Structure formats: structure tokens, C-alpha cells
Amino acid sequence: DKAGHRHYMSKEIAEQPDVLANALEYYAGDNEGGQMLEAGVDFSAFDRVVMVACGTASLACLVSKYWVEQIAQMPVDVDIASEFRYREAPLDARTLAVFVSQSGETADTLAALRYATGKAGKVVSVVNALESSIARESDLALPILAGPEIGVASTKAFTCQLAVLASLALQAGRQRGTIDPAQQRLLTDQLRQVPGQVAQALAIAPQIKAVSAQLARYDHVLFLGRGALYPLALEGALKLKEISYIHAEGYASGELKHGPIALIDEEMPVVVLAPHDGMFDKTVSNMQEVMARGGKIVMISDGPGLKDGGDGAWQKVEMPTIDGPFAAIAYAVPVQELAYFTAVEKGTDVDQPRNLAKSVTVE
Ligand code: F6R
2 DKAGHRHYMS
12 KEIAEQPDVL
22 ANALEYYAGD
32 NEGGQMLEAG
42 VDFSAFDRVV
52 MVACGTASLA
62 CLVSKYWVEQ
72 IAQMPVDVDI
82 ASEFRYREAP
92 LDARTLAVFV
102 SQSGETADTL
112 AALRYATGKA
122 GKVVSVVNAL
132 ESSIARESDL
142 ALPILAGPEI
152 GVASTKAFTC
162 QLAVLASLAL
172 QAGRQRGTID
182 PAQQRLLTDQ
192 LRQVPGQVAQ
202 ALAIAPQIKA
212 VSAQLARYDH
222 VLFLGRGALY
232 PLALEGALKL
242 KEISYIHAEG
252 YASGELKHGP
262 IALIDEEMPV
272 VVLAPHDGMF
282 DKTVSNMQEV
292 MARGGKIVMI
302 SDGPGLKDGG
312 DGAWQKVEMP
322 TIDGPFAAIA
332 YAVPVQELAY
342 FTAVEKGTDV
352 DQPRNLAKSV
362 TVE
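When the letters of the sequence shown are read in order and numbered with our numbering, they come out as residues 2 to 364.
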């Protein structure tokens, strides 16, 4: 049931404010889920976190690395499961191992979990399907509460993974004493504002649609971001290639001059994710390097950001202004919709892209 939407993907994108509100009520609202986290994981018993997943789920892990390191001062290694499972990575009792999977059945992630079992101090999974192998075989399974995700391209599961991982980062900071009560309150407040910000981001769909009509004419697109927005740039590129079949790459803005800038010309638009945060000036200077070489910029920022840095951009998208470290969650919306509207414009099969399966149960 697509609830009046043309595709499951657009229905699932639109559901995000509701499912995120549920997930955050559960994990960041002092009730059942929060208690489950509290009882289930004691971050002060660990020295580091290893996070393992595939595809979009691994990008959720990469976003949360920024949060856990910043908020809880705890080193985080993020790995893709197909590499981790064969690498003989050292794990010990002071390592917390976290496996993230929407389906809970991804073969590589399950194999990686089995590798970690008995070596890591604790094995936690973050899953959408609680009745799954990955959930069953972990010491603690945390549901992301996204509801069934039918579209092959992951959307609401990604943002719900982020919501759960952000709640874990806050708990880690609390348990390790790296944030004081005032900071805890501020961060919890900022996290609870995410569903509203995602709703505001959904309201700018007409802007995204207009940009997508342009992007559909190109064969290559580059996505740039810094900090927690860097994994979002990777996610933007993954989504676009997956459903519109346009070649796309995501890079950390600061890596641009170490290679990819050689590709820049007017035939490869560059989507820049640039909230007006502490990294903004750096990102804008990377953007200017692109423009100086004839590159076309799609700048996705907020009002202050577009005002300060938007000069010369080819296309501009205005997001709400968001304070704090969790802005990356709302930026998932324009990233998902760019892919969605571009695919619709090109007429590709959005919910069933060629060569892809929803659940990858073979290696
Ligand atoms: C991308 C996508 C895939 C999955 C990946 C992991 O849109 O859907 O990259 O994220 O196959 O799947 P799960 O989360 O089920 O382990």
C-alpha cells in the first residue's frame, strides 16, 4: 500500500517525521527504550567501538562516529562488513561491537557479527527486523522502529538508524562523564527537534524537484560535505547512482584538491552540503575552488549559509537552520529526494532498481 504515493520510496521518505518521532520518543524520551539502552550497554566498560555494516547502513555508522567521538570522547572504527569479516581485526573485551542492518539478514554483516562473537566484549545490533538472524545472534538488539521498508533504496531506515545511534552517543557521553547535565539537556533537546526539522526539510521538495530536473541531464555528479555531512555526501552519491543510474561520487570537501578536482568542468555538477556550522567557511572555500574551474554548484544550505556563501552557485536549496551536531539527519531528506526526483525524471524503476535486491543474503 503506497498510501497515495507513486512509489514506496516517496511514501517512505514522507513517513520520516513520524517514524523518527516514535524512535526518539522510545530512545530519548526516558521510557522503555531508554531504559533498555541504559541496562544493555555500559559505555564506561569499553575503550572503543567497532561498527560494521554494508551500504547505507555503514554510512549511518560513519555519521555516528562523529557523534560518539565528539560527545563521548571514545574512538570509533567503522568498517564495511565484507572487508571486516576477512581481515582478522583484533577485538577484545574492552571493545563494543555494533552491527547495523535494516533487514537483519545481510550475509556479510551476519558473518562479521559471528566473527566478533566471543572476541568483542559485547555484540549489539541495530536492526529494523527484530525477527532476524542478526538480531537473534547479538547480545542486545536495538530496534530502529522504522516500520516495513519496501523500496530497495533505504530511506527511513537510514534516518531511524541515525536516531538510535545518536541516542547511543548521548548515553555514551553520560555514562563516561564527558558531557555535563546542561550539555546533556541541550543535546537531548536538539535531538528531539529532529522530526520537526525533517518535516521542514520535506516542505522544500519543490526546490529539490527543480534541481533534479536539471541533474537528470548529466552523466556525472559529485557530492561534497565535511564532518558529519561527509557521510551524507557519500549517501547522496550512493542513492543517486542506485536509482537514477547517474555516476556519482561523494568526497570529503577537504579531499577535493587531492585528486577529484581534476574532474571539474561544466559537465559535472557538484552538490555541496553546507549547513552554516563551524565548518562552513572551509566548505565554502572548497566550493569556490570548484566555481573557479567552471564547475556548477548545487548549494544545499540554510538561510544564513546561502546569504554568506551562495554567490555564484548554479542552484540553491534552502534548508531550515539547525543548531547542534544532529543537522546531518535532516540533510538526509534533500539527499534522498535529489535521487528520487532525478530517477522519476529519467523514468527509471525507483522501487526496483536494476541488479539490486532489498536484502543481500548471499556474499
Ligand atoms: C542503499 C541500500 C543498501 C543497504 C545495504 C545494507 O540504499 O539500501 O546499501 O543499505 O544493502 O542492507 P541492510 O541494512 O539490510 O543490512
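Virtual Cβ for every residue (Gly too), placed ideally from N, Cα, C.
All values derive from a computational prediction rather than experimental measurement.
Nearest by alpha-carbon distance to residue i: which of the options is it?
i, options, result
"Tyr252", "Ala344, Gly228 and Tyr246", "Gly228"
"Pro149", "Lys157, Ala142 and Gly311", "Lys157"
"Ala61", "Ala358, Leu233 and Gln71", "Leu233"
"Gly296", "Ala154, Gln316 and Leu187", "Gln316"
"Val165", "Thr322, Val153 and Leu21", "Leu21"
"Arg88", "Lys66, Gly105, Thr96 and Tyr116", "Tyr116"
"Arg95", "Ala121, Ala108 and Ser102", "Ala121"
"Phe224", "Thr110, Ser134, Met269 and Val273", "Val273"
"Cys161", "Arg137, Gly174, Pro182 and Val199", "Val199"
"Gln289", "Ala29, Gly311, Ile301 and Ala136", "Gly311"
"Gln191", "Val334, Pro326 and Asp48", "Pro326"
Apart from the five residues just before and just after residue i, which ones in its own chain have a Cβ nearer than 8 angstroms to its Cβ?
i, result
"Asn32", "Glu26"
"Ala15", "His6 and Leu203"
Give the secondary structure of residue i by DSSP, where H, G and I count as helix, E and B as strand, and everything else as coil.
i, result
"Leu146", "coil"
"Glu250", "strand"
"Met300", "strand"
"Arg49", "strand"
"Lys123", "strand"
"Val128", "strand"
"Ala98", "strand"
"Val271", "strand"
"Ala54", "strand"
Between which two residues does the alpha helix (DSSP H) holding residue i run?
i, result
"Asp80", "Taken as a continuous stretch (DSSP letters only), Asp80 belongs to no alpha helix (DSSP H), being part of the beta strand (DSSP E) at Val77 to Ile81."
"Phe159", "Lys157 to Arg177"
"Met1", "No information on residue 1 is available, as it lies outside the stretch 2 to 364 that the chain covers here."
"Leu114", "Ala108 to Ala117"
Here's a check: name, in chain order, each residue in its chain whose Cβ is nearer than 6 angstroms to the Cβ of residue i, leaving out the five neighbours to either side.
i, result
"Gln172", "Leu38"
"Val53", "Asp80, Ala82, Phe85, Phe100 and Ala113"
"His277", "Asp303, Pro305 and Gly306"
"Glu243", "Ala154 and Pro354"
Give me, in chain order, the residues of the same chain whose beta-carbon lies closer than 7 angstroms to that of residue i; leave out the 5 immediate sequence neighbours on both sides.
i, result
"Ala214", "Glu346"
"Ala183", "none"
How would you write the range of the beta strand (DSSP E) that residue i sits in, first residue to last?
i, result
"Gly226", "His221 to Gly226"
"Val199", "Run containing Val199: none in the beta strand (DSSP E); it sits in the alpha helix (DSSP H), Val195 to Leu203."
Shorter than 8 angstroms from the beta carbon of residue i to some beta carbon of chain C?
i, result
"Arg218", "Here there is only one protein chain, and chain C is not present."
Whole beta strand (DSSP E) runs in the segment 305–348 with 3 or more residues, listed along the chain? The qualifying runs are 316–320.
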